[in-house]
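Residue numbers (the UniProt record's numbering), protein chains in the order written: chain S, 1 to 149; chain Z, 1 to 149.
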C-alpha cells in the first residue's frame with residue numbers, strides 16, 4: 001500500500017541525503033525537516049568540504065527550515081535524521097523547540113544521550129527507524145576509509 | 001603596566017563584540033578566538049537578525065576561525081566568550097578540540113554544565129573573568145526589553 005507521508009517515507013528522504021554525503025566522501029549523515037507533510041529543508045554532513053565542525057546535517061537543516069519559515073522556532077516541524085544527534089545538534093534542536101525528532105541509527109559514542117545533552121522537554125522522540133539502512137551506509141563509509149589509509 | 005596580550009585584554013575584545021550585539025538589539029553575547037596572541041575570529045549573537053537559533057557568538061567564531069586556519073581543528077586556539085557556552089556551543093567546541101575556553105558570566109539556566117553537556121577532555125577552562133561587566137550588560141539588555149514590552 002502506498003503511504004506517501006509516513007515516517008518511513010520521510011526517513012528514506014533523509015537517507016537520500018546521507019547517500020549524497022557518502023558520495024562527497026563525508027561521513028554519511030542526512031537530515032530533512034518536514035512541516036505539514038512537506039519537506040521544507042534538507043541537509044547532509046559537510047564538515048570536511050567546509051572545514052567546519054558545525055556543518056552537521058541537522059544544523060544545516062535547522063538553519064534552512066528557519067529561513068523557509070521566516071522564524072527561528074520549529075514548533076510545528078519534525079526532523080528526520082539518519083544518526084542520533086550529537087550534543088551540538090541536540091542543543092540547536094533544543095533552542096528551536098522542534099515538535100518531533102525521528103532518528104535512525106543510535107550513536108553510542110557521541111550521541112547526545114551518552115554525552116549528557118538534552119532535547120527540549122516538549123520535543124517528541126522516535127528512534128531506530130530504518131536503523132539498519134543508516135548503519136550499513138555508515139559502516140560502508142568507514143570500511144572504505146580504512147582501506148584507503 | 002601594559003599587558004596587551006593577557007586574558008583580560010582578550011576578554012575586553014569579546015565584550016566589545018557583546019556591545020555590538022546589544023546595539024543590534026540581540027542578547028549581548030560576544031566571542032573572539034585567539035591563536036598565537038592574534039585575534040583570528042570574532043562573533044556576536046545574531047539569532048534575531050538571522051532568525052536562526054544556531055547563530056550564537058561562539059558558533060560564528062568557530063566557523064570563522066576554521067575558515068581562517070583552513071582546517072576544522074582549533075587545537076592551538078583559545079575562545080574568549082562573555083557568557084558560559086550553551087550545550088550547542090559546547091558541542092561545537094568539543095568537536096573543534098579547542099585548546100582553551102575562557103568565559104565571563106556563568107549561565108545557571110542554560111549553560112552547558114547545568115544542561116549536562118561536555119567540552120573536550122583536553123580543553124582547559126577558565127571562568128568568571130570580567131564576569132561583572134558581562135552580566136551587567138546582559139541585565140541592562142533584559143531590563144530594556146522588559147520596559148519596551
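All residues carry an ideal CB built from backbone N, CA and C; glycine is no exception. Since the structure is predicted, the reported quantities are computational estimates derived from the model, not experimental observations.
Neighbouring residues, chain S, relative to residue 75 (chain Z) (Cβ below 7 Å): Using a Cβ-Cβ cut-off of 7 Å, residue 75 (chain Z) is close to nothing in chain S; its nearest Cβ partner there is about 12 Å away.
Roughly how far, in whole angstroms, is the beta-carbon of residue 82 (chain S) from the beta-carbon of residue 54 (chain Z), given that I think they are within contact range, below 8 Å? Actually they do not touch by this definition, with Cβ atoms about 20 Å apart.
According to DSSP, is residue 42 (chain S) part of a helix, a strand, or is it coil? It is a strand residue.
Taking 8 Å as the cut-off, decide whether the C-beta atoms of residue 28 (chain Z) and residue 138 (chain Z) are in contact. At the C-beta level, residue 28 (chain Z) and residue 138 (chain Z) come within 8 Å of one another.
Can you tell me where the beta strand (DSSP E) with residue 124 (chain Z) in it begins and where it stops? 124-127 is the extent of the beta strand (DSSP E) around residue 124 (chain Z).
Just grab the DSSP bridge partners of residue 78 (chain S) for me. The secondary-structure analysis by DSSP pairs residue 78 (chain S) across a beta bridge with S:34 and S:100.
Less than 8 Å separating the beta-carbons of residue 80 (chain Z) and residue 31 (chain Z)? It is a contact, given that the beta carbons lie within the stated cut-off.
Got a sec: which bits of the stretch 80-108 of chain Z sit with their beta carbon under 8 Å from any beta carbon on chain S, in order along the chain? Of all residues in the stretch 80-108 of chain Z, 86, 87, 88, 89, 90, 91, 92, 94, 95 and 96 have a Cβ within less than 8 Å of some Cβ in chain S.
Taking just the CA atoms, how far does residue 65 (chain S) sit from residue 44 (chain S)? Roughly 14 Å between the two C-alpha positions.
Tell me, which residues are paired with residue 83 (chain Z) by DSSP? Residue 83 (chain Z) pairs with Z:105.
Considering Cα atoms alone, identify which of Z:101, Z:67 and Z:24 is closest to residue 11 (chain Z). For residue 11 (chain Z), the closest of Z:101, Z:67 and Z:24 by C-alpha to C-alpha distance is Z:101.
Compare the C-beta of residue 30 (chain Z) with all C-beta atoms of chain S and state if any pair is closer than 8 Å. Not closer than 8 Å to any Cβ of chain S, the Cβ of residue 30 (chain Z) fails to qualify, so no.
Proximity test, Cβ basis, 8 Å: residue 123 (chain Z) and chain S: No - not a single Cβ of chain S is within 8 Å of the one on residue 123 (chain Z).
Neighbour-count burial assignment, residue 42 (chain S), 16 or more Cβ in a 10 Å radius: With a threshold of 16 other beta carbon atoms within 10 Å, residue 42 (chain S) meets it and is buried.
The alpha helix (DSSP H) spanning residue 144 (chain Z) covers which residue range? Start and end: 131-148.
Nearest-angstrom Cβ-Cβ length linking residue 56 (chain S) and residue 94 (chain S), presumed shorter than 8 Å: Actually they are not in contact, since the Cβ atoms of residue 56 (chain S) and residue 94 (chain S) sit about 15 Å apart, beyond 8 Å.
Between residue 62 (chain Z) and chain S, is any beta-carbon pair separated by less than 8 Å? So yes, residue 62 (chain Z) belongs to the interface.
Around the Cβ of residue 58 (chain Z), are there at least 16 other Cβ atoms within 10 angstroms (buried) or fewer (exposed)? Classification for residue 58 (chain Z): buried.
What does the alpha-carbon distance come out to for the pair residue 212 (chain Z) and residue 123 (chain Z)? A query on residue 212 (chain Z) cannot be resolved here, the shown segment of chain Z reaching from 1 to 149 and no further.
Tell me whether residue 33 (chain S) is buried or exposed, calling it buried when 16 or more other Cβ atoms sit within 10 Å of its Cβ. Result: buried.
Is it the case that the Cβ atoms of residue 73 (chain Z) and residue 96 (chain Z) are separated by a distance below 8 Å? Yes. Within cutoff.
With respect to the alpha helix (DSSP H) encompassing residue 20 (chain Z), which residues constitute its N-terminal and C-terminal limits? Per DSSP, residue 20 (chain Z) belongs to the alpha helix (DSSP H) from 7-23.
Is it buried or exposed for residue 84 (chain Z), if we count other Cβ within 10 angstroms and need 16 for buried? Result: buried.
Close beta carbons around residue 75 (chain S), own chain, < 6 Å, minus the five adjacent residues each side: Taken in chain order, the residues that qualify are 97 and 99.
Whole angstroms is fine: what's the gap from residue 130 (chain Z)'s alpha carbon to residue 103 (chain S)'s? Looking at the backbone, the Cα of residue 130 (chain Z) and that of residue 103 (chain S) are separated by about 41 Å.
Scan the stretch 29-55 of chain Z for residues whose Cβ lies nearer than 7 Å to a Cβ of chain S and list them as they occur along the chain. So the close ones are 47, 51, 52, 53 and 54.
Cβ separation of residue 91 (chain S) and residue 17 (chain Z), assumed to be a contact under 8 Å, to the nearest whole Å: Incorrect: roughly 21 Å between the Cβ atoms, too far for contact.
Measure from the alpha carbon of residue 106 (chain Z) to the alpha carbon of each residue in Z:68, Z:61 and Z:136, then state which is nearest. The candidate whose alpha carbon is nearest that of residue 106 (chain Z) is Z:136.
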